[in-house]
Amino acid sequence: MTQKPTNPYLDLLSRHKATARKLKSEPIEGRKKKLKAMRRWVYQNRSLLHQAVFEDLHKPAAELDVTEIYPLLAELRHAIHRVKRWAAPKPVESGLTFLGTYSYVQAEPMGSTLIIAPWNYPLLLTLGPLVSAVAAGDTAVVKPSEMSAATSAIISRMVSELFDPDEICVIEGEVTTTTQLLELPFDHIFFTGSPTVGKIVMTAAAKNLTAVTLELGGKSPTIVDETADVHDAARKVCWAKWTNAGQTCVAPDYLFVHVKKKEQFLECLENELIHRYDDVCDYTHIINDKHEQRLKDLLSDAEQKGAKTFEPLELVGRMSPKLVLEVTDDMRLMQEEIFGPILPVLVYEDLEEVIQYLNHRPKPLALYLFTTSKANQRRVLTETSSGTAVINDAVLHFGHPHLQVGGVNNSGLGKAHGEAGFRAFSHEKSVLRQRRGYTIARLVYPPYNSFKIKLI
Ligand code: NAD
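Under this note's numbering, the first residue of the sequence shown is numbered 17, with each subsequent residue one higher.
Take a look at the structure:
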């Protein structure tokens, strides 16, 4: 009989579990010290981080600062200042029924955790969840994306310089490695990636009943209604869509524009694109040839089915921004998450059409509405469901330290960032303290005489 080979990471997990037990009694100051060390490392090695992400994505240094390094530093600062408050017991009311008791909810570390990250914001989406894990007092095995190898290597170096590998370590690898890690009974798995792989992660976690946070993707719609300020909308959509060449989980995936604003909006968007990306160096690469081919295939499928592509400017050596008009539902472009610089534009006359359309599709990670109408805001916010929603802006919410982010159904499970991130990596334990020798519950213990029956 052939024996199943032992999992190569089994020993690592038992060492992490042993550390996790010790960390439970570590004072909060210890967590703060580690977060401060992470912050110091990021400040001191900023140029190495620039180089690494440039190698992976040709991301301009200024864009990396704005979209990854500053938000990461803000996440660290936020956790350092608030972790003590987050970790403090939260008393709850007792009321008359529980007279004499004292009850509270205590956040305790989850224990041993696994963080699986994507390649698109390789620094922020790998280290951001790690900030939450450290703040919550957990151990973590970090699995960055194999597609952004240079950034994974620098993250591995950072972690090995700052942490004992039995507490936090980086395991680099492809699907086989992740599959082996997913077989193990971690206490929590925090996954950021596609809904397809999210299902694989959740299935694997179910075998061990491991808790999961799934930060997924999908098709985030943007609506520009008949009352919108089109200049403002075009400026914001342009930044939200083409930053990182559209490889952003919360980027506008497709756009609905009211028929009365179509011409004006498209003209503004075109001018905006020409103005913003006059210098090709301000525009990111597509991560690799495979993804570029995927995007070209989406486009040719749409064109074969009658869509019209429009390229406001040509960026040599990059996949230029593309607007696609006359799209229909049978096009792959309208079925799969685009995750690139292609923006399908649909035209509508009645907001009801848009609401119906959205409600017949998987719930998106983000929804954006450009409007000056309070009634339209109310309708869209109450009659549709999405992980997050932004009025008169796009993507900005992702960097808000006090605003939790996360999807719903197909776009995710659980929340991240700031206190929500801390809670994702914590178990919130309910504690009830009773006085010795006393309990009001005695009043309803059997035998059930007539007085007790009346009381119940
Ligand atoms: P992905 O799902 O392909 O990969 C994510 C991670 O899972 C990587 O580390 C990868 O190595 C691993 N992985 C891939 N296939 C696997 C498998 N079969 N079994 C186990 N592990 C596997 O996603 P990606 O291409 O890296 O990133 C793009 C996706 O991530 C998009 O859908 C995007 O919307 C989403 N995303 C979501 C957020 C968010 O915050 N919600 C942020 C960024 C990206």
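Even glycine gets a Cβ: it sits at the ideal position worked out from N, Cα and C.
What does residue i pair with, by DSSP beta-bridge criteria?
| i | result |
| --- | --- |
| Ile-205 | Leu-130, Val-228 |
| Arg-449 | Tyr-118 |
| His-274 | Tyr-364 |
| Gly-434 | According to DSSP, Gly-434 bridges with nothing at all. |
| Lys-106 | Val-121 |
| Thr-155 | Ser-128 |
| Val-424 | In the DSSP output, where bridge partners are listed per residue, Val-424 has none listed. |
| Leu-429 | Leu-230 |
Can you give me the C-alpha to C-alpha distance between residue i and residue j, rounded to a whole angstrom?
| i | j | result |
| --- | --- | --- |
| Val-275 | Leu-314 | 25 Å |
| Leu-92 | Lys-52 | 8 Å |
| Val-82 | Ile-171 | 19 Å |
| Ala-405 | Lys-40 | 37 Å |
| Thr-556 | Gln-450 | There is simply no residue 556 to check, as the chain begins at 17 and stops at 472 in what is shown. |
| Tyr-120 | Gly-434 | 22 Å |
| Asn-304 | Glu-45 | 42 Å |
| Thr-398 | Ile-239 | 15 Å |
| Arg-62 | Asp-298 | 19 Å |
| Glu-353 | Lys-257 | 13 Å |
| Gln-60 | Met-54 | 10 Å |
| Pro-378 | Ile-187 | 33 Å |
| Arg-101 | Arg-56 | 23 Å |
| His-418 | Gly-430 | 16 Å |
| Val-108 | Tyr-118 | 8 Å |
| Glu-124 | Ala-36 | 11 Å |
| Val-332 | Glu-177 | 40 Å |
| Tyr-464 | Ala-457 | 13 Å |
| His-247 | Phe-179 | 48 Å |
| Phe-476 | Ile-216 | The first residue shown for the chain is 17 and the last is 472, placing residue 476 beyond what the model contains. |
| Gly-209 | Asn-425 | 14 Å |
| Ser-446 | Gln-351 | 43 Å |
| Thr-264 | Ala-227 | 26 Å |
| Arg-334 | Ser-316 | 18 Å |
| Ile-131 | Thr-259 | 25 Å |
| Gly-403 | Val-421 | 7 Å |
| Val-158 | Thr-142 | 7 Å |
Would you grab the beta carbon distance between residue i and residue j for me? Rounded to a whole angstrom, and I think it's under 8 Å.
| i | j | result |
| --- | --- | --- |
| Ser-401 | Gly-233 | Incorrect: roughly 16 Å between the Cβ atoms, too far for contact. |
| Lys-252 | Ala-382 | Not a contact, Cβ separation roughly 13 Å. |
| Asn-392 | Leu-367 | 6 Å |
| Glu-339 | Val-361 | What sits at residue 339 in the sequence shown is Leu, not Glu. At roughly 6 Å, the Cβ-Cβ gap stays under 8 Å, so Leu-339 and Val-361 are in contact. |
| Ile-85 | Leu-65 | 6 Å |
| Val-150 | Lys-50 | 5 Å |
| Ala-249 | Phe-386 | 4 Å |
Under a three-way DSSP split, which group does residue i fall into?
| i | result |
| --- | --- |
| His-443 | strand |
| Tyr-86 | helix |
| Thr-15 | Here the chain has residues from 17 to 472 only, and residue 15 is not among them. |
| Val-411 | coil |
| Tyr-137 | coil |
| Val-150 | helix |
| Pro-21 | coil |
| Pro-237 | strand |
| Asn-465 | coil |
| Cys-265 | coil |
| Ser-164 | coil |
| Pro-43 | coil |
| Pro-211 | helix |
Can you tell me whether residue i sits near the ligand SAM, meaning its C-beta is under 8 Å from at least one heavy atom of the ligand?
| i | result |
| --- | --- |
| Asn-136 | No copy of the ligand SAM appears in this structure; the ligands present are the ligand NAD. |
With a floor of 4 residues, list each alpha helix (DSSP H) that falls wholly inside the region 309-374, ordered by position along the chain. Entirely contained in the region 309-374, not one alpha helix (DSSP H) run reaches 4 residues.
Only counting runs of 4 or more residues, tell me where the alpha helix (DSSP H) segments fall wholly within the region 166-195, in order along the chain. Segments of the alpha helix (DSSP H) lying fully in the region 166-195: there are none.
Whole runs of the alpha helix (DSSP H) within the region 377-407, excluding any shorter than 4 residues: Listed in chain order, they are 390-399.
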